[in-house]
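Novice: Quick one: the structure is below, and I'll ask about it shortly.
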Amino acid sequence: MMGTLGRTLRLASALAVLLGLAGPVAADPADALRSQVERYVRERVPVPPSSIEIPPLDAFAVAWEASGEVQVVLSTARGSFLGNVPITISVFVDGREAKRGVVTTRVRADRKVYLVGRPMRGGALVHRDDLRVEVRDVSDIPSGAVLDPEDIVGHRTTRALGSGLVWQKNHLRVPQLVSRGQIVRLNFRTGALAIEGRGKAREDGRPGDRIRVVNVDSRREIVGTVTATGEVDVAL
6 MMGTLGRTLR LASALAVLLG LAGPVAADPA DALRSQVERY VRERVPVPPS SIEIPPLDAF
66 AVAWEASGEV QVVLSTARGS FLGNVPITIS VFVDGREAKR GVVTTRVRAD RKVYLVGRPM
126 RGGALVHRDD LRVEVRDVSD IPSGAVLDPE DIVGHRTTRA LGSGLVWQKN HLRVPQLVSR
186 GQIVRLNFRT GALAIEGRGK AREDGRPGDR IRVVNVDSRR EIVGTVTATG EVDVAL
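Sequential numbering from 6 applies to the sequence shown in the working numbering.
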């Protein structure tokens, strides 16, 4: 009946325990219930909330007028505790439901998000001044948003973008650092030994790509991995 998300408050004497939970000012059952709803939400929100808005709960106070053992069960079917969160409040007196209702809380958690600072064409290289910072409620930030500016700057756009869009992963691609025919630095590594050389790229490459390179000294074709600095690592 109470479910895995239910939180049960067992009160031997409703008024006495409510007073004990929140002191003399908690004689109003609605205030005590509000504290419990806030605690229920705060324990489940994934990030520190900037605000939790709870509507009036006076309609549930009538249950406290009854004598007997009172149970309050809070539950929700929502998996996320951000944005509008409907919570079912069930009040039982001596095991029988005296009041049930749904209240919608508004949970806000703010964080910085990065927006496209100006209209950009497809394939454009993103610079730091192409970013605009804004603080938004987490529930309003798209799931694919890029939240680290270092993962935006230096990348290229995958398509034309309008000003004010939140930077998202599908807006960006890792830039090509090595072009076919380019002379690149080769880093030969084996254990603690490292040797440098020069090579001529046989194909384009982005960081992490394995490409063919001709060693300028030996004229031999080898395969290496493009690094974030545009060099090529070769394992011996």
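Just so it is clear, CB atoms sit at the ideal spot from N, CA and C, and this is done for glycine as well.
(1) Do residue 50 and residue 87 have their C-beta atoms within less than 9 Å of each other?
(2) Determine the extent of the alpha helix (DSSP H) in which residue 34 is found, giving its start and end residues.
(3) Determine which residues share a DSSP beta bridge with residue 56 and list them.
(4) Go ahead and pull the three-state DSSP assignment for residue 150.
(5) Take the Cβ of residue 81 as the centre, count every other Cβ of all protein chains shown within 10 Å, and call the residue buried at 16 or more, exposed below.
(6) Locate the beta strand (DSSP E) running through residue 193, then write down its first and last residues.
(7) From 153, 165 and 92, pick the residue whose C-alpha is nearest to that of residue 44; which is it?
(8) Quick one: Cα of residue 73 to Cα of residue 99, how far?
(9) Where DSSP assigns a beta bridge to residue 206, which residues make up the other side?
(10) Given that a residue counts as buried once 16 or more other Cβ atoms are within 10 Å of its Cβ, and exposed if not, what is residue 39?
(11) Determine whether the beta carbon atoms of residue 121 and residue 159 lie at a separation below 9 Å.
(12) Could you tell me the boundaries of the beta strand (DSSP E) in which residue 173 lies?
(13) Is the beta carbon of residue 190 less than 9 Å from the beta carbon of residue 236?
(14) What is the rounded straight-line gap between the Cα of residue 179 and the Cα of residue 161?
(15) Take residue 213 as the anchor and find which of 182, 61 and 135 has the nearest alpha-carbon.
(16) Would you tell me roughly how many angstroms separate the C-alpha atoms of residue 35 and residue 60, rounded to the nearest one?
(17) Name the two residues that bound the continuous beta strand (DSSP E) containing residue 140.
(18) So which of 150, 144 and 128 has the shortest CA-CA distance to residue 138?
(19) Which residue comes first and which comes last in the beta strand (DSSP E) that contains residue 92?
(20) Pick out whichever of 62, 209, 97 and 220 has its Cα sitting closest to the Cα of residue 77.
(21) Would the beta-carbon of residue 207 fall within 9 Å of that of residue 221?
Specialist: In terms of the structure at hand:
(1) yes
(2) 34-47
(3) 113.
(4) strand
(5) buried
(6) 188-195
(7) 92
(8) 6 Å
(9) 218
(10) buried
(11) no
(12) First-last for residue 173: undefined, no H or E at that position.
(13) yes
(14) Residue 179 and residue 161 have their C-alpha atoms some 6 Å from each other.
(15) 182
(16) 11 Å
(17) 136-142
(18) Answer by Cα proximity: 150.
(19) Annotation: the continuous beta strand (DSSP E) that includes residue 92 extends over 88-98.
(20) 97
(21) no
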